[in-house]
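Q: Position 377 of the sequence shown, counting from 1, maps to 450 under the working numbering, and the rest follow consecutively. The C-beta atom is built at its ideal place from N, Cα and C for all residues, glycine as well. My questions will all concern the structure given below.
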Amino acid sequence: MTVESDSPFFAEFLDDYFAECEEHLTAAQSHLLELERFIDQPEVDRSILDELFRRFHTIKGLSGMVGFSEVEQLAHQMESYLRELRQGGRTLTSQGMDALVTGAKMLDQALAARRAQQPPPDITPVVEQLKALVSGGKAPQPDSALPPFAMDEAARARLEAARRAGIPIWRFEFTPAPELAERGIDVNYIRTRLQEIGEVIHVVPQIVDQGRVTFEFLVATRADEDTFASWQMDGLTWSLYEDPQESEIAPQSPPTAPEMASRSNGDGARPASPSLIASNLVRVDLTRLDELMRIVGELVISRARLEDTLHEVRSDLTTAHWRQLQEVNLILERQLRELRESIMRARMVPIGEVFERMRFAVRDLAREYHKEVILELSGQETEIDKLLVDRLMDPLLHLVRNAVSHGLESPEERAARGKPPQGRLALRASTVGDTVVIEVEDDGRGINVEQVARRGRELGLVVDNEPLDPAQLLEVLCAPGFSTREQADRASGRGVGMSAVKETIQELGGTLKLDTQPGHGTRFTIRLPLTLAITDALILAVGEHTFAIPLTMVREVIEVEPERVTTLENRSVISHRGGVLPLIYLSQVFGLTEHPGRAHHVLVLDNETAPVGLVVDRVVGLREIVVRTLNDPLVRIPGIAGATDLGDGRVVLILDAIALTRMQREGEANHVG
Numbered sequence: 074m075t076v077e078s079d080s081p082f083f084a085e086f087l088d089d090y091f092a093e094c095e096e097h098l099t100a101a102q103s104h105l106l107e108l109e110r111f112i113d114q115p116e117v118d119r120s121i122l123d124e125l126f127r128r129f130h131t132i133k134g135l136s137g138m139v140g141f142s143e144v145e146q147l148a149h150q151m152e153s154y155l156r157e158l159r160q161g162g163r164t165l166t167s168q169g170m171d172a173l174v175t176g177a178k179m180l181d182q183a184l185a186a187r188r189a190q191q192p193p194p195d196i197t198p199v200v201e202q203l204k205a206l207v208s209g210g211k212a213p214q215p216d217s218a219l220p221p222f223a224m225d226e227a228a229r230a231r232l233e234a235a236r237r238a239g240i241p242i243w244r245f246e247f248t249p250a251p252e253l254a255e256r257g258i259d260v261n262y263i264r265t266r267l268q269e270i271g272e273v274i275h276v277v278p279q280i281v282d283q284g285r286v287t288f289e290f291l292v293a294t295r296a297d298e299d300t301f302a303s304w305q306m307d308g309l310t311w312s313l314y315e316d317p318q319e320s321e322i323a324p325q326s327p328p329t330a331p332e333m334a335s336r337s338n339g340d341g342a343r344p345a346s347p348s349l350i351a352s353n354l355v356r357v358d359l360t361r362l363d364e365l366m367r368i369v370g371e372l373v374i375s376r377a378r379l380e381d382t383l384h385e386v387r388s389d390l391t392t393a394h395w396r397q398l399q400e401v402n403l404i405l406e407r408q409l410r411e412l413r414e415s416i417m418r419a420r421m422v423p424i425g426e427v428f429e430r431m432r433f434a435v436r437d438l439a440r441e442y443h444k445e446v447i448l449e450l451s452g453q454e455t456e457i458d459k460l461l462v463d464r465l466m467d468p469l470l471h472l473v474r475n476a477v478s479h480g481l482e483s484p485e486e487r488a489a490r491g492k493p494p495q496g497r498l499a500l501r502a503s504t505v506g507d508t509v510v511i512e513v514e515d516d517g518r519g520i521n522v523e524q525v526a527r528r529g530r531e532l533g534l535v536v537d538n539e540p541l542d543p544a545q546l547l548e549v550l551c552a553p554g555f556s557t558r559e560q561a562d563r564a565s566g567r568g569v570g571m572s573a574v575k576e577t578i579q580e581l582g583g584t585l586k587l588d589t590q591p592g593h594g595t596r597f598t599i600r601l602p603l604t605l606a607i608t609d610a611l612i613l614a615v616g617e618h619t620f621a622i623p624l625t626m627v628r629e630v631i632e633v634e635p636e637r638v639t640t641l642e643n644r645s646v647i648s649h650r651g652g653v654l655p656l657i658y659l660s661q662v663f664g665l666t667e668h669p670g671r672a673h674h675v676l677v678l679d680n681e682t683a684p685v686g687l688v689v690d691r692v693v694g695l696r697e698i699v700v701r702t703l704n705d706p707l708v709r710i711p712g713i714a715g716a717t718d719l720g721d722g723r724v725v726l727i728l729d730a731i732a733l734t735r736m737q738r739e740g741e742a743n744h745v746g
């Protein structure tokens, strides 16, 4: 039954629908790539077919409920072709594989269109292709390989164990209502009460008249009926459940809720995972977590104000009172940090969501450019903020496209160079401190630095004949409009890709680094902060002005006397750790008055190639800050990433370390001590 779009349940269910379908589709795409090795083989791995069948079957059922007919129809045709393969009625051909892959892509596009409330794409060509693949064979028989029972294996095992132990099985039915919700009686409350009297074996929602939802629970309990009656709970009914083999367990009807709904239709497909309601999983809209993070940010500012006030009234307090208040303040700081970290963890998702989507892109590009590519993924379990995952999709996709289209050689070229015919493309992710490191590396031909330099000179991006170092090479490659290709193709050549990649990464507070070796390959390294909202920062002073800089960007802080500063090629430098450290004077960058003739603090900043020293009058201290971005283009200033409230009424600017190091390279911020 289709859920009515004006039903109160519909809006809440739709978010779950998209999340469920995307999870199933991502898993299905991975299994499709595993299936590809069985093209034209007499036998196909049955477990892969089963998993694909279940994924598309679930998508079909969910889409039918919400009335997304094009998604339902396409998933049904893919399911039909997979059924033929499962029953041995067909051999997997390259045409069939292409149809399945195209169908998965079209499902992805259709879901994205529905989420954006845009017209769905035309699925007719791929639907007709799938129909043609199925037609001509014998009529498909009901699939008997999958168990007909609605419950998953674990639930069925619990049910049988309870029956063998002689524990009665009761069926409870709960119908939610707004007036019940106001009293705190919802499905989770009911589940908790039922768990108090026995074991909740199984739960399944159903759509009943006019889009209303009821929830059926199977509970093994020795409690008697008087116990249930004593609850005096509206919306809850019960009856003794006698025979688990009765048709109620396996009705011949389509699924009636997201993967929570464990019922099956005549195809006998069981759900791919346990029910959502029967698990501890609660889906939360990201905007709610954003709001929680905003509230925590305000609390951080309030705590900072409290700390400043304590220092102001210290002379009016006894030593004992001062210590007590300081202890409370420190406890509050620790608890706020724990709360912030808990909310951050709730926002985290595995970066494997992005990595898995690259598999299809690599497959298509390899076929388009007639190359053999082995994609190696590692660190998929690395967790990153959901917002970063969404924003990273396009930059990573462009780097992957460049690697396949430009970086990796054809099999013939690789053989001539003594390489194996299959090129290797690696996507790696790891967590280092408070940052996430992502690498895209290929073992191809590397970047032709001289060709890039020559093209850069033609465009006025390179002004001398000196060889480009990695940082300069990256700057040229990421310049708007730069491309070494005379003609653009589908993958690249328009001169906007790498510029957009770097811009997006910098907007996310990250850095992009390039390493390349001619004949051996290229590696791009992306470093991103774990979160963009709240961070630890050093508070800096230059003259009468105060700034903040994220602690993650600072490698160390050193004190430098004026006589240690020397000039090298018209740039201020100091000797540091056996090398030369170029300096940026913050006062020179922003035209501020500094305190002359005294020792300065130098912040050693991480750079894309070599460290850079940021010179300030002094480091005032370390503080947890709430980052406020400057969205208005009219107030954006090079070298400034945002602003923050220190809690004492002062609003200070947050420095953009990446932009400052770039200014140093371009010679915009030099000062001779």
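How about the stretch 89-106 and the stretch 154-163: do they share at least three Cβ pairs that are nearer than 8 angstroms?
A: The answer is no - the stretch 154-163 does not touch the stretch 89-106, with fewer than three Cβ pairs under 8 angstroms.
Q: Using DSSP with H/G/I as helix, E/B as strand and the rest coil, what is TYR442?
A: coil
Q: Hey, THR619 and LEU613: beta-carbon distance below 8 angstroms or not?
A: In this structure, THR619 sits near LEU613, with a CB-CB distance shorter than 8 angstroms.
Q: Pick from ARG440, LEU465, THR504: whose alpha carbon is nearest that of SER483?
A: ARG440
Q: Since VAL574 and PRO468 are thought to touch, with beta carbons under 8 angstroms apart, how far apart are those beta carbons, to the nearest angstrom?
A: That pair is a contact at about 4 angstroms.
Q: DSSP has PRO456 in a bridge; who is on the other side?
A: Note that residue 456 corresponds to Glu in the displayed sequence, not to Pro. Answer is PRO423, bridged to GLU456.
Q: So, does the stretch 616-631 touch the stretch 656-667, judging by three or more C-beta pairs under 8 angstroms?
A: yes
Q: Are the Cβ atoms of GLU385 and MET421 separated by less than 8 angstroms?
A: no
Q: Give the C-beta separation of LEU498 and LYS444 to the nearest angstrom, bearing in mind that I take them to be a contact with Cβ-Cβ under 8 angstroms.
A: The Cβ separation is near 10 angstroms, so there is no contact.
Q: Do you know how far the Cα of LYS178 is from the Cα of PRO192?
A: 16 angstroms
Q: Are the CB atoms of GLY425 and GLU454 within a distance shorter than 8 angstroms?
A: The answer is yes: Cβ separation under 8 angstroms.
Q: Helix, strand or coil for TRP395 per DSSP?
A: It is helical.
Q: Does the beta-carbon of GLU523 have 16 or more other beta-carbons within 10 angstroms, so that it is buried, or is it exposed?
A: exposed
Q: Considering only the beta carbon of each residue, do ALA606 and VAL699 sit closer than 8 angstroms?
A: yes
Q: Express the C-alpha separation of GLY583 and ASP89 in angstroms, rounding to a whole number.
A: 31 angstroms
Q: Determine the direct distance from the alpha carbon of ALA172 to that of THR166, and round the result to whole angstroms.
A: 10 angstroms
Q: In this structure, what does DSSP give as the bridge partners for ARG596?
A: GLU514, ASP588
Q: What number of angstroms, rounded off, separates the C-alpha of LEU365 from the C-alpha of ARG701?
A: 15 angstroms
Q: Inspect the beta-carbon positions of ALA476 and ASP437 and report whether they are closer than 8 angstroms.
A: no
Q: Mind reading off the beta-carbon distance from ASP729 to ALA716? Whole number of angstroms is fine, and I expect it under 8 angstroms.
A: So it is not a contact: roughly 12 angstroms between Cβ atoms.
Q: For PRO194 and GLN150, what's the separation of their Cα atoms in angstroms?
A: 16 angstroms
Q: Give the single residue among PHE433, SER153, ILE274 whose Cα lies nearest to the Cα of ARG127.
A: SER153
Q: Could you pull out every residue in the same chain whose Cβ sits closer than 6 angstroms to the Cβ of ILE631, ignoring the five residues on either side in sequence?
A: VAL675
Q: Would you list, in sequence order, the uninterrupted beta strand (DSSP E) runs of no fewer than 3 residues that lie entirely inside the stretch 616-660?
A: Those beta strand (DSSP E) runs which fall completely within the stretch 616-660 and span 3+ residues are 618-623, 627-633, 639-641, 644-649, 652-658.
Q: Just to confirm, are VAL200 and GLN146 a CB contact at a threshold of 8 angstroms?
A: yes
Q: Starting from the C-beta of ASP718, find all residues in its chain whose C-beta is less than 6 angstroms away, skip the five residues before and the five after it, and write them out in chain order.
A: ILE374, VAL724
Q: Which ranges would you report for the beta strand (DSSP E) in the stretch 469-527 if only whole runs of at least 3 residues count?
A: 495-505, 508-515
Q: Find the nearest neighbour of ASP299 within the set GLU289, SER312, PRO623, ALA526, judged by alpha-carbon distance.
A: Between ASP299 and the set GLU289, SER312, PRO623, ALA526, the nearest pair of CA atoms involves SER312.
Q: List the DSSP bridge partners of GLU246.
A: GLU289, THR310
Q: Compute the distance between the beta-carbons of LEU587 and LEU547, then report whether it is under 8 angstroms.
A: Yes, Cβ-Cβ distance for LEU587 and LEU547 is below 8 angstroms.
Q: Using DSSP with H/G/I as helix, E/B as strand and the rest coil, what is SER348?
A: In this prediction, SER348 scores a pLDDT of 34, lower than 50, which makes its location untrustworthy; the coordinate-derived value is nonetheless stated afterwards. It is coil, neither helix nor strand.
Q: Which residue comes first and which comes last in the alpha helix (DSSP H) that contains ILE112?
A: First-last for ILE112: undefined, no H or E at that position.
Q: Is GLY169 closer than 8 angstroms to PRO249 when the C-beta atoms are compared?
A: no
Q: Touch check for the stretch 639-649 and the stretch 587-604: three-plus C-beta pairs under 8 angstroms?
A: A contact between stretches requires three or more CB pairs, one per stretch, nearer than 8 angstroms, and the stretch 639-649 fails this requirement with the stretch 587-604.
Q: On the premise that LEU500 lies in contact with VAL513, defined as a C-beta separation below 8 angstroms, what is that separation, rounded to the nearest angstrom?
A: So it is a contact: roughly 6 angstroms between Cβ atoms.
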